[in-house]
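FYI, in this note's numbering the residues of the sequence shown are 1 to 186.
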Amino acid sequence: MRKIFNGLLGLLVLLAFGIYQFGIVGIAQHDYEEKALYVAKYNSETPTPEDEVDTAFWLAERDIRYHLRVNDDTFLAEKLSATANLSYNLSYILNLPAKLIHNVLFDIQLVNDVDQTDLGTLTMATVILFDLVYAIVGFVGALLMLLVGTVVGLVCNPINTFLDIPACIWGLLKTVFYAIYHLFAW
């Protein structure tokens with residue numbers, strides 16, 4: 001029991017260290033705003049709650065970083081409804097293997113194409129290590145936020161929680177497909 005506790009404590013320390021020191025799970029304001037604008041423009045001219053759900057799925061399916069904040073003042077859990085938070089975290093966890101595989105393959109390909117020296121190999125190893133840290137911290141963050149984010153989203157957005165149910169169900173069905181599809185093709 002003590003080993004399990006120490007292991008969980010170590011993961012929490014890693015998560016906290018990643019959040020505050022490296023910005024691994026930091027403020028994703030630029031990414032969130034860029035994707036939100038892209039999704040809003042793709043769907044309609046005026047952003048809607050469905051655009052926020054689509055943005056959450058976009059980030060969860062494509063970005064290896066776990067997005068904890070929208071900007072300095074707003075956590076993602078506050079911005080999204082409970083169903084969107086639950087969907088984002090589930091989608092992040094389901095798509096993590098494909099994102100990690102493709103990031104590592106890209107790092108290896110980049111070194112093979114550009115720089116095959118010892119420095120290039122060391123750089124590749126460092127970048128792969130950071131990809132692994134991103135994945136571990138993101139996985140732990142997503143697991144924690146499955147519960148916390150859902151509760152915060154329900155408190156902050158009770159009406160949107162129910163309005164987002166159809167969009168989130170459809171999004172989760174798509175994300176399961178993409179989680180499998182992205183293992184073989186990006």
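C-beta: ideal position from N, C-alpha, C; glycine also. Remember, predicted model here, so these are calculated numbers, not experimental data.
Checklist entry - What are the boundary residues of the alpha helix (DSSP H) that Tyr178 is part of? => result Ile165 to Phe184
Next on the checklist: Let me check one thing: in DSSP terms, what residues is Arg2 bridge-paired to?
Outcome noted: DSSP lists no partner for Arg2.
Next on the checklist: For the alpha helix (DSSP H) containing Leu68, name the first residue and the last one.
Outcome noted: Here Leu68 belongs to no alpha helix (DSSP H), and DSSP marks it neither H nor E.
Checklist entry - Can you tell me where the alpha helix (DSSP H) with Leu76 in it begins and where it stops? => result Leu76 to Lys79
Item to check | DSSP three-state assignment for Tyr32, whether helix, strand or coil | outcome: The predicted position of Tyr32 is uncertain, since its pLDDT is 47 and thus under 50; a value taken from the coordinates is nonetheless stated next. In the structure shown, Tyr32 sits in a helix (DSSP, three-state: H, G or I).
Checklist entry - When the Cα of Ala95 is compared with those of Leu183, Val133, Gly149 and Ala167, which residue comes out closest? => result Per the sequence presented here, residue 95 reads as Asn, with Ala not at that position. Out of Leu183, Val133, Gly149 and Ala167, Leu183 has the C-alpha closest to the C-alpha of Asn95.
Checklist entry - Looking at C-beta atoms only, is the number of pairs between the region 71-90 and the region 148-157 that lie closer than 8 Å three or more? => result yes
Item to check | Exposure label - Asn157; buried when at least 16 CB within 10 Å | outcome: buried
Item to check | Reference Ala142, options Lys3, Ile64 and Thr55, closest by Cα | outcome: Ile64
Next on the checklist: Using CA atoms only, rank isn't needed, just tell me which of Pro97, Glu78, Lys79 and Thr74 is closest to Gly138.
Outcome noted: Pro97
Checklist entry - Nearest-angstrom Cα distance between Cys113 and Val104? => result Per the sequence shown, residue 113 should be read as Asp rather than Cys. Straight-line Cα distance between these residues: approximately 14 Å.
Checklist entry - Quick one: what's got a C-beta closer than 7 Å to Met124's C-beta in the same chain, skipping five residues either side? => result Asp107, Ile108 and Val111
Checklist entry - What whole-angstrom Cβ distance do Thr175 and Ala60 have, given they're in contact under 8 Å? => result 7 Å
Checklist entry - Any idea what DSSP makes of Asn157, helix, strand or coil? => result coil
Item to check | Buried or exposed by the 16-neighbour rule on C-beta atoms within 10 Å, applied to Ala185 | outcome: exposed
Next on the checklist: Tell me the rounded alpha-carbon separation between Thr121 and Pro166.
Outcome noted: 47 Å
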